[in-house]
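Below: one structure, written as structure tokens.
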Amino acid sequence: MAIAGKVALITGASEGIGWSIAEALVAAGARVVITARREGPLKASADRLGPSASWIAGDLADAATAEHAVAHTLTLHGGLDLVVCNAGILIPGPLTEQNMAEVDQVISVNLRGTIALMKAAGPALAGRPGASAVVISSSIGRHPTAGMGVYGATKAALHYLVPTWAIELAPRGIRVNAVCAGITDTPGLRAGAAHIPGLEQAVIGTNLIKRIATADEIAHPVLTLLDSDVSGYVTGSVWDIDGGFRRDGGGPGGPARDTDLEGAHHDAA
Numbered sequence: 001m002a003i004a005g006k007v008a009l010i011t012g013a014s015e016g017i018g019w020s021i022a023e024a025l026v027a028a029g030a031r032v033v034i035t036a037r038r039e040g041p042l043k044a045s046a047d048r049l050g051p052s053a054s055w056i057a058g059d060l061a062d063a064a065t066a067e068h069a070v071a072h073t074l075t076l077h078g079g080l081d082l083v084v085c086n087a088g089i090l091i092p093g094p095l096t097e098q099n100m101a102e103v104d105q106v107i108s109v110n111l112r113g114t115i116a117l118m119k120a121a122g123p124a125l126a127g128r129p130g131a132s133a134v135v136i137s138s139s140i141g142r143h144p145t146a147g148m149g150v151y152g153a154t155k156a157a158l159h160y161l162v163p164t165w166a167i168e169l170a171p172r173g174i175r176v177n178a179v180c181a182g183i184t185d186t187p188g189l190r191a192g193a194a195h196i197p198g199l200e201q202a203v204i205g206t207n208l209i210k211r212i213a214t215a216d217e218i219a220h221p222v223l224t225l226l227d228s229d230v231s232g233y234v235t236g237s238v239w240d241i242d243g244g245f246r247r248d249g250g251g252p253g254g255p256a257r258d259t260d261l262e263g264a265h266h267d268a269a
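UniProt numbering puts the first residue of the sequence shown at 1, with every later residue one more than the last.
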């Protein structure tokens, strides 16, 4: 495995999928820098990961946060090899009713924040052996769903950007891929389940495996894509890790069908 000794930056990593990715990277011998918006939970998560982990707080809605995170990583470790763009927010609501402040907020984190991170990380990754970036997307970006229009549009945009980054960054030796995650058991999902009766059963009805993914089941494919010994010939791909998500009308209501749902407002940033 070509992960040992690498330096990785993971956004939205105080809990859920991001934290599981960081944990898997540390177990594989990487040094990680994790970012999230809330300093307290972020520091606690870094402490749980042990001495191979450090943290820097910031909100990716502000493009300067991406620059600061990359600069902090370079100062701390002298280089950057792997990037995981996981931070994202979900504010569900019908397109015809959602206020524009919410629209701007979702776009700022999910789309502009990811673009800013890739822009900041590109020069640092360039020329590093095995340099790789993975963007965490959602099955909602592939399947239009009522109440998820803005969120889904940001994820669909990432599906276009990932192969574009792969084309543009290949001359610098950087691979770029995405994992398109289905519904995943995270603290955000469990919080959402408390507010949405029947959420788990609705979700189970939308995939072929008939259960919700664990965060580790998303993290391990991410590690596979980051590992140049295993996936060195893979770039520009969007890998569906969604239990065979299908649009068969199963379950009441579209908003239950997503990654990391937290009531009316999920924040993985």
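Cβ atoms here follow ideal geometry from the backbone N, Cα and C, with glycine treated the same way.
None of these values were measured; they are calculated from a predicted model.
- Burial state of residue 172 is exposed, judged by a 10 Å Cβ sphere holding fewer than 16 other Cβ atoms.
- Excluding five sequence positions before and after residue 156, the CB atoms of its chain that fall closer than 6 Å to its own CB belong to 141, given in chain order.
- In the structure shown, residue 104 adopts helical secondary structure according to DSSP, grouped into three states.
- Residue 161: member of the alpha helix (DSSP H) spanning 149–169, first to last residue.
- In the displayed model, residue 45 falls within a helix according to three-state DSSP.
- In the DSSP assignment, residue 21 falls within the unbroken alpha helix (DSSP H) covering 16–27.
- Out of 58, 236, 34, the CA that lies nearest to the CA of residue 47 is found in 34.
- Shortest Cα-Cα distance from residue 123 to any of 164, 31, 183, 81 involves 81.
- Taking the Cα of residue 209 as reference, the smallest distance to any Cα among 235, 138, 243 is reached at 243.
- When the Cα atoms are used, residue 66 and residue 60 turn out to be separated by approximately 6 Å.
- Around the beta carbon of residue 151, 16 or more other beta carbons lie within 10 angstroms, which makes this residue buried.
- If you ignore the 5 residues before and after residue 73, its C-beta comes within less than 7 Å of the C-beta of 7, 9, 33, 80, all in its own chain and listed in chain order.
- Sequence-distant partners of residue 108 (beyond 5 residues in either direction) whose C-beta falls short of 7 Å from its own C-beta, in its chain, are 61.
- Distance check between residue 227 and each of 28, 167, 203, 19 places 28 closest, using alpha-carbon atoms only.
- Contact annotation: the stretch 215–226 does not touch the stretch 87–100, with fewer than three C-beta pairs closer than 8 Å.
- DSSP places residue 87 in the coil class of the three-state scheme, outside both helix and strand.
- C-alpha of residue 69 to C-alpha of residue 93: approximately 31 Å in a straight line.
- Shown here, residue 138 sits in a strand according to DSSP, grouped into three states.
- Looking at the backbone, the Cα of residue 215 and that of residue 25 are separated by about 14 Å.
- Each residue's CA atom was taken as its position, placing residue 233 and residue 96 some 43 Å apart.
- In the DSSP annotation of this structure, the continuous segment of the beta strand (DSSP E) that includes residue 9 starts and ends at 7–10.
- Within the same chain, 187 come within 6 Å of residue 15 by CB-CB distance, once the 5 residues on both sides are set aside.
- For the options 145, 37, 49, the alpha carbon positioned closest to that of residue 21 is the one of 49.
- A residue is called buried when at least 16 other Cβ atoms come within 10 angstroms of its Cβ; residue 101 does not meet this threshold and is exposed.
- Here the alpha carbons of residue 76 and residue 129 stand approximately 19 Å from one another.
- Runs of the beta strand (DSSP E) lying entirely within the stretch 209–251 and spanning at least 3 residues, in chain order: 238–241.
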